[in-house]
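This report refers to the structure that appears directly beneath it.
In this note's numbering, the protein residues as written are 13 to 290.
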């Protein structure tokens with residue numbers, strides 16, 4: 013699996029699809045905007061509607077990284093990939109992932125100081141976190157995982173943008189594109205290794221839970237016709253309560269009281285509906 017991971021990464025980098033799939037010049041109306049940090053990386057989110065799109069757009073941008081800086085960072089990743097030995101990558105399949113991360117961090121810091129000699133320690137630390145996430149982690153998918161407003165992340169194939177389910181705005185189309193089918197497979201394999209599972213041509217289905225409780229489901233071609241897929245269903249950081257349903261007008265106070273009595277007296281109930289109804 014070590015050589016597979018390296019090949020998948022190299023192919024993904026060679027293809028180099030743009031991160032932003034939606035042209036910025038087209039008319040759009042902003043619905044919401046907020047910021048959060050992902051592994052010490054400042055992230056800016058904008059949600060907007062656009063003519064011709066049947067769902068709002070979830071726009072992801074990394075604060076503090078210009079296009080020129082991104083070009084240099086990609087060069088650093090290329091240099092780093094050339095330095096990495098297969099034996100080092102193979103450690104990812106063991107419990108010693110911390111060793112790999114430490115070695116990568118040291119190599120990245122040396123390259124950052126080489127390419128950005130005038131940068132201060134804070135900037136170097138920020139860029140190091142970004143490159144570690146991009147090199148050893150799930151890249152932009154980890155950013156989505158750190159947004160507490162998202163409940164589900166869906167990757168359908170390389171030709172479609174990544175989709176997310178927002179607690180307030182429902183399904184949204186992101187500006188994130190997977191670079192290749194190999195990259196999707198690589199991400200699924202990475203997740204599988206962390207939880208002691210494998211996804212291969214012989215076992216093209218993976219349904220498991222991450223350490224934090226989040227659920228992951230992945231499939232490989234030809235089981236999934238359009239391409240490799242991966243769905244991550246996140247556990248809510250703050251679970252909904254009956255009072256939340258009342259405040260959001262999801263349920264009336266009378267219906268909530270009836271439900272409460274039913275639970276108290278151990279009556280049977282049937283809940284039916286779409287995904288996540290239960």
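By construction, the Cβ of each residue, glycine as well, lies at the ideal position given by its N, Cα and C atoms.
Distance from the Cα of residue 144 is smallest, within the candidate group 133, 126, 113, for 113. Per DSSP, the continuous beta strand (DSSP E) segment holding residue 56 begins and ends at 53 to 62. The DSSP-derived three-state label of residue 65 is coil. DSSP links residue 47 through a beta bridge to 56. Note on the region 173 to 243: whole alpha helix (DSSP H) runs with a minimum of 4 residues are 193 to 206, in chain order.
Counting C-beta atoms within 10 angstroms of its own C-beta, residue 63 has fewer than 16 neighbours from the protein chains shown and is therefore classed as exposed. Contact check between the region 142 to 159 and the region 42 to 57: three or more CB pairs, one atom from each, fall below 8 Å, which counts as touching. Residue range 162 to 167 is occupied by the beta strand (DSSP E) that includes residue 166. Nearest in C-alpha terms to residue 222, of all of 274, 184, 206, 213, is 206. Taking 8 Å as the cut-off, the beta carbon of residue 239 is found closer than this to the beta carbon of residue 170. Contact annotation: residue 181 and residue 69 have beta-carbon atoms that are not nearer than 8 Å. The Cβ atoms of residue 74 and residue 92 do not sit closer than 8 Å to each other. Bounds of the alpha helix (DSSP H) holding residue 141 are 133 to 148. Within the DSSP bridge table, the entry for residue 74 names 55 as partners.
The beta-bridge partner set that DSSP reports for residue 171 is empty. When DSSP states are grouped into helix, strand and coil, residue 40 belongs to the strand group.
A buried status is given to residue 201, since no fewer than 16 other beta-carbon atoms sit within 10 Å of its beta-carbon. Per DSSP, the unbroken alpha helix (DSSP H) holding residue 155 starts and ends at 152 to 157. Taking each of 233, 175, 277 in turn and checking the Cα distance to residue 243, the smallest one comes out for 175. Within the same chain, Cβ atoms closer than 7 Å to the Cβ of residue 227 are found at 221, 245, the five residues on either side in sequence being excluded.
For residue 256, the enclosing alpha helix (DSSP H) covers residues 254 to 259. Judged by their CB atoms, residue 188 and residue 152 are nearer to each other than the 8 Å cut-off. If you compare the alpha carbons of 83, 230, 225 with that of residue 251, the shortest gap goes to 225. Comparing C-alpha distances from residue 136 to each of 177, 88, 235, 150 shows the shortest one belongs to 88.
Residue 268 sits close to residue 258, with the two beta carbons spaced by under 8 Å. With contacts defined by Cβ atoms closer than 8 Å, residue 235 and residue 217 form a contacting pair.
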